[in-house]
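To keep things clear, I will list the structure first and then write my remarks on it.
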Amino acid sequence: MYNFDVNNIRRDFPILNQKINDQPLIYLDSGATAHKPNIVLEEIKKYYEIKNANPHRGAYQLSVLSTEVYENTRELVRGFINAKSTKEIIFTKNTTESLNLIAFSYGMNFIKEGDEIVLLIANHHSNIVPWQQVAKTKRAHLKYMYLDDEGRLTEDEMKEKISPKTKLVSLCDVSNVLGTVYPVKSVIDYAHKMGAIVVVDGAQGLPHRKVDVTELDADFYAFSAHKMLGPMGFGVLYGKEELLNEMPPFLTGGNMIEYVSEEETTFAELPYKFEAGTQNVSGAAGLAAAINYLNEIGMDNITAYEKDLTAYALNKLLEIDYLKIYGPKTMKDRGGVISFTVEGAHPHDVASILDAYGVAIRSGHHCARPLMNFLGVAATSRASFYFYNTFEEIDVFVDSIKKVRKWLGSGS
Amino acid sequence: MDLNTIYTELIIQHSQNSHNKRQLPIADFKERGHNPSCGDDITLEIKLRDNIIEDASYTGVGCAISQASTSIMIDLIKGKSKEEALDMVETFLAMIKKDITDEEELEKLEDAIAMKNISNMPARVKCAVLAWHTLKEIIK
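These protein sequence lines are chains A and B, in that order.
Numbering-wise, this note's numbering puts 73 at position 73 of the first sequence, and it's gapless, one number per residue.
Numbering-wise, this note's numbering puts 504 at position 92 of the second sequence, and it's gapless, one number per residue.
Structure (C-alpha cells):
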C-alpha cells in the first residue's frame with residue numbers, strides 16, 4: 001500500500017505541466033532521466049545566489065558555506081544508502097564515471113592475467129566497456145551470466161559462471177531494458193564465498209527502492225543523481241573503505257593531494273583522494289534536496305505505488321496480441337521499466353508516432369547492445385515510470401500504441 | 413506535428429517490401445551505413461557501367477523512414493551519372509537541413525521530396541539521410 005496523492009506531487013514538477021505537440025506531456029522515460037521538483041531547482045539557484053565559492057579552499061565565510069553544502073550532502077547520501085562512513089562516499093559526475101573509477105583504479109591494479117571478470121548480459125554499456133578495457137590490458141577473461149526466457153538470472157547460471165577463478169563480478173540491480181530486478185544479495189553472498197568482489201550498478205535501482213549497502217555487503221555501488229530527481233552531472237560511488245584505501249587515485253590534480261614536491265606527491269585521505277579538481281557543489285545541493293524530497297515521500301511508498309502502476313500497464317500491454325514484451329511477464333522480480341516491440345513497426349516509428357500524442361518513450365538499443373543481441377532484436381521501445389506518473393497517463397499511452405499500426409499501413 | 417506529413421502513403425509503400433531491397437548479382441561497390449545510436453543499418457550496392465549507375469539495391473534493417481528514404485533514393489539514381497547522383501545527394505541533404513526550400517530547385521529529387529517534412533522532426537533526420545550519406549561515400 002502507498003500513501004500519497006500523485007496530483008499533489010505533480011504540482012511540484014513544473015516540467016510536467018506543459019503541452020508537447022498540443023497534447024499534455026506524458027513522460028515515460030524516467031529510466032533515461034527523471035524530472036526535477038521545484039525544491040531541487042530552488043536549492044541549485046540558492047547555492048549560486050548566496051553560497052557559491054570554491055569548497056575546501058578559502059579561509060573566508062563563503063567558502064566555508066560552500067564546503068558545508070558539499071559535505072552535508074555526503075552525510076545525507078551516507079545515511080540514504082546506510083554506508084558506515086562518509087569516507088566511503090565518493091562524488092563523481094555520473095554512474096559511468098563511478099564504474100570507470102573502479103575499473104581503472106581497482107581493475108587495472110588488482111586484476112591479473114588469467115583472472116575472470118563476470119558480468120551480467122543485461123548490463124548497460126557503461127558496465128561492460130570499462131571491463132573490456134581491463135580484460136584486454138590485463139589479459140583477464142570476460143564471462144557473461146545469461147538470462148532465462150523472462151529476463152531473470154537463475155541460481156544455476158550464477159553458480160556456473162562465478163567460480164574461484166572469478167576476481168570481480170559486476171551487475172546492475174535493475175535492468176534498464178527489461179525492468180528485471182536482479183538478486184544482487186544472492187550474487188554478492190555467493191561471489192564472496194568464491195573470493196570475488198562485487199560491483200553493483202544501481203542507476204536503475206536506487207531511485208525506486210530502498211538500498212542498504214551495509215546489509216547487501218556490496219563492495220561497490222554506483223548511481224547517478226539525475227535519475228533520482230537530482231541534477232545531471234552528479235554521481236556517487238560507494239566503496240568499502242578497506243578497498244578504497246588500497247586503490248590508487250583515478251584522476252589527479254588539485255584537491256586530492258596532501259603534499260606535492262617537484263617529484264613526488266602524497267595523496268589526501270578518503271574520500272578526497274578520489275575527488276580531483278573543483279567539484280560540482282551546486283550538483284551536491286541539488287542531490288541533497290532530491291534526497292530530502294524522496295525521504296519525505298518515503299522510498300517504500302514510491303516502490304509500492306510504482307508496483308501498482310507497472311502492474312496496471314503490464315496487464316494492459318499483455319492484452320495487445322501484436323505486442324511482444326521483453327522481461328518478466330508478471331510483477332515477480334519486476335521494476336517499472338517495460339520494453340516491447342510492435343509487430344510490423346520499427347521502434348523508432350513507434351516512438352515518433354507516440355510523440356505526436358504527447359507520449360515520450362525511448363526507442364533503440366538502450367546502450368545495451370550485448371543484451372539486444374542476446375534477445376535477438378535490433379531495438380525495442382521502452383516505457384519507464386516514476387512515482388509522478390498516473391494511471392490516466394498509462395491509459396493514453398496504451399491507446400496511442402493501438403494507433404501505431406494504422407499510421408504505418410499495417411493492421412488496424 | 414502532423415503524422416500525415418511524415419508517414420505518407422509513398423513512404424509507407426517504400427518501407428514495406430521494397431523492390432530495391434535485394435542483393436545485386438555483381439556489385440562494383442558495397443558500402444555499409446550505420447546509425448550507431450539507433451541501430452539503422454543498411455548496405456548499399458551499386459553497379460556501374462562506365463560512369464552510369466546501371467543498378468543499385470540495398471539490404472539491412474531500420475525504421476520506416478530510413479528504409480523508405482533508401483528505396484526512394486535508389487529509384488532516383490538508377491540510370492544517372494555519378495555527377496548527377498552526387499548533385500542529387502547534395503540537394504537532398506540541403507533540403508533536409510532547410511538550406512534549399514525553393515520548390516523548383518528541389519524538383520529534380522522527384523519522389524524524394526516526400527522526405528522534406530522530416531526536417532521538422534530533428535530526432536529522425538539521421539534516419540532520412542543515412543542512405544544518402546552512404547551513397548556519397550561511394551561516388552564522391
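Don't be surprised by glycine CBs; every beta carbon is placed ideally from N, CA and C.
Please read these numbers as outputs of a predicted model, since none were measured by experiment.
_Own chain partners of A/ALA290 with C-beta closer than 7 Å, once the 5 adjacent residues on each side are dropped_ = VAL40, ALA225, MET228, LEU229, GLY230
*asked:* Less than 9 Å between the C-beta atoms of A/SER339 and A/THR380, yes or no?
replied: yes
*Sort out for me which residues DSSP pairs A/ALA222 with in a bridge.*
In DSSP, A/ALA222 forms a bridge with A/ASP201, A/LEU237.
*Kindly list, in the order they appear in chain A, the residues whose Cβ is closer than 7 Å to that of B/ILE424.*
Going along chain A in sequence order, the residues near B/ILE424 (Cβ under 7 Å) are LEU408, GLY409.
*Nearest to A/PHE455 by CA position, among A/ARG10, A/VAL77, A/SER63, A/GLY335, is which residue?*
Here chain A covers residues 1 to 412 and nothing more, so residue 455 of chain A does not appear.
*Among A/MET256, A/VAL350, A/VAL398, A/ILE121, the one whose alpha carbon lies nearest that of A/GLY376*: A/ILE121
*Check the Cβ of B/ARG434 against every Cβ in chain A and list those closer than 7 Å, keeping chain order.*
The contacting residues do not exist; B/ARG434 stays about 20 Å from chain A at best.
*Mind reading off the beta-carbon distance from A/ALA288 to A/THR67? Whole number of angstroms is fine, and I expect it under 8 Å.*
Contact between A/ALA288 and A/THR67 is absent: CB atoms are separated by about 14 Å, not below the 8 Å threshold.
*asked:* So that I know if they touch, is there some Cβ in chain B lying closer than 9 Å to that of A/PRO347?
replied: yes
*Tell me whether the beta-carbon of A/PHE250 lies closer than 9 Å to the beta-carbon of A/PHE274.*
yes
*Chain-ordered chain D contacts of B/MET533 [CB-CB under 9 Å]*: The displayed structure is made up of protein chains A and B, and chain D is not among them.
*asked:* Taking a contact to mean a Cβ-Cβ separation below 9 Å, would you say A/MET372 touches A/VAL177 in this structure?
replied: Taking 9 Å as the Cβ cut-off, A/MET372 and A/VAL177 qualify as a contacting pair.
*Starting from the Cα of A/THR310, find the closest Cα among A/TYR322, A/GLU246, A/SER384 and give me that residue.*
A/SER384
*Kindly indicate which residue of A/VAL187, A/LYS165, A/GLU343, A/ILE353 has the alpha-carbon position closest to the one of A/THR154.*
A/VAL187
*Does DSSP classify A/ALA383 as helix, strand or coil?*
strand
*Which residues does DSSP pair with A/GLN23 in a beta bridge?*
A/ILE20
*Just how far apart, CA to CA, sit A/LYS406 and B/TYR470?*
26 Å
*Distance, Cα to Cα, A/SER170 vs A/LYS138?*
17 Å
*Report yes if the CB atom of A/ASP355 is closer than 9 Å to the CB atom of A/ILE102, and no otherwise.*
no
*What does B/SER449 touch in chain A if you count any residue whose Cβ is under 9 Å from its own?*
Those are GLY364, HIS365, listed as they occur along chain A.
*Report all residues from its chain with a CB closer than 6 Å to the CB of B/GLN479; omit the five preceding and five following residues, and keep chain order.*
SER427
_Inter-residue spacing [alpha-carbon to alpha-carbon] between A/MET158 and A/MET145_ = Between the C-alpha atoms of A/MET158 and A/MET145 there is a straight-line separation of about 6 Å.
*With DSSP as the reference, label B/ASP487 as helix, strand or coil.*
helix
_Between the alpha carbons of A/PRO164 and A/MET247, how many angstroms are there, rounded?_
22 Å
*Would a check of beta-carbon distances place A/ALA379 closer than 9 Å to chain B?*
yes
_Range covered by the beta strand (DSSP E) that runs through B/GLY472_ = 464 to 473
*Just how far apart, CA to CA, sit A/PRO14 and A/ILE44?*
15 Å
_Through-space distance from B/LYS548 to A/LYS87, alpha-carbon basis_ = 55 Å
_With the cut-off set at 9 Å, would you say A/VAL199 and A/ASN127 are in Cβ contact?_
yes
_Residues from the region 472 to 485 of chain B in contact with chain A, defined by Cβ distance under 9 Å_ = VAL473, GLY474, CYS475, ALA476, ILE477, SER478, GLN479
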